[in-house]
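Using my numbering, you'd call the opening residue of the sequence shown number 1419 and step up by one each time.
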Amino acid sequence: MLRTRSPVRTLTRTDVDDALELCSRNVATNVFVAARIIETLASGSVSAAMGVREEGRLTSLCWASSNVVPVETTAADRALYAERMRRWRGRIASLLGPREEVVDLWDDLEPHWGRPRAIRAHQPMLATSTPPSALGVELDPRVRPARADEVDIVLPAAAHMFTAEIGYPPYTGSPRSYRGSLAALIARGHTWVVVEDGEVVFKTDIGSLALGCAQLQGVWVAPHLRGQGLAVPMIASVVEQVMAGPAPLVSLYVNDFNAPALATYDRLGFAPVGDFTTVLL
């Protein structure tokens, strides 16, 4: 029997408008991919994205770099993407995105990629377009963007957060590469901090920014300050400043077992807009 050619294609610059239109259908959920497309376009290529076209129309896409993230995929599309990626095990750090899409894609990939380190099965995707001050939430006036000369005091906080969340440190040996990624976030004004006595006691980042949406990641409060109700005004100040600046919509996702975080985000006006799953490899 003749094997028909797969309709999956690596995306090019000519596909960008269609790809961003797909992402815009649920921007709070798809902002990660939209941001990666825009960022890589600036370097001249969107080759980490692949898509399926039907009758000339881009119907779905899948970001496939160190993170694999499906966007608007059908079951048939996911089977095609999985077939393309089955031999990529060593290249991928995580598979994440809308729960139904990720679970289905992982069912196809697991026999080829092997046992994962962890699966975060239910991660509520939350979003808000209401400034916390409009809800009567106090803002912490100390919260501000990190400065370029503060990379080295941000690094311990970022590494502590990463290790607690992912289960292993973000680097071994020299922190040069990890430090460089932190410096890039800070240079873009995407890292927010509270600094006390020369130490970072709170931080979070805009991990993705596109299509009028900012997605927060890496929310961290110093362990000795936890349980004191400080997270609400600190995060509120970040959200307020982001909404007044680069994005009127703010999203994030959180593990469903993290009850304190869920209560914090509820107090800040975040509401569920989807359900994520992350497979850590």
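We put the CB at the ideal spot given by N, CA and C, even for glycine.
Please read all numbers here as calculations on a predicted model, not as lab measurements.
Looking only at DSSP bridge pairs, what is Ile1510 linked to?
-> Looking at the DSSP assignment, Ile1510 forms no beta bridge with any residue, so it has no partner.
Quick one, which of Ala1511, Asp1526, Ile1510, Ala1539 has its alpha-carbon nearest Asp1495's?
-> Asp1526
Between Ala1632 and Ala1665, is the Cβ-Cβ spacing less than 9 Å?
-> yes
Arg1560 versus Val1612 - alpha carbon distance | Rounded to the nearest angstrom, the two C-alpha atoms are 6 Å apart.
Determine the burial state of Tyr1586: buried for a count of at least 16 other Cβ atoms within 10 Å of its Cβ, exposed for fewer.
-> By the 10 Å Cβ count, Tyr1586 comes out exposed.
Secondary structure at Arg1475, three-state DSSP: helix, strand or coil?
-> Strand, per DSSP.
Determine the extent of the alpha helix (DSSP H) in which His1578 is found, giving its start and end residues.
-> 1569–1584
Could you check where the beta strand (DSSP E) with Ser1626 kicks off and where it finishes?
-> 1617–1628
From the DSSP output, in three-state form, read off Thr1682 for me.
-> Here Thr1682 carries a helix assignment [DSSP, helix/strand/coil].
Which first and last residues belong to the alpha helix (DSSP H) in which Gly1636 is found?
-> Unbroken run through Gly1636 is the beta strand (DSSP E), 1631–1639; no alpha helix (DSSP H).
Can you have a look at Gly1616 and say buried or exposed, based on whether 16 or more other CB atoms are within 10 angstroms of its CB?
-> Exposed, by the Cβ-count rule.
Would you identify the three-state DSSP class for Ser1669, choosing helix, strand or coil?
-> strand
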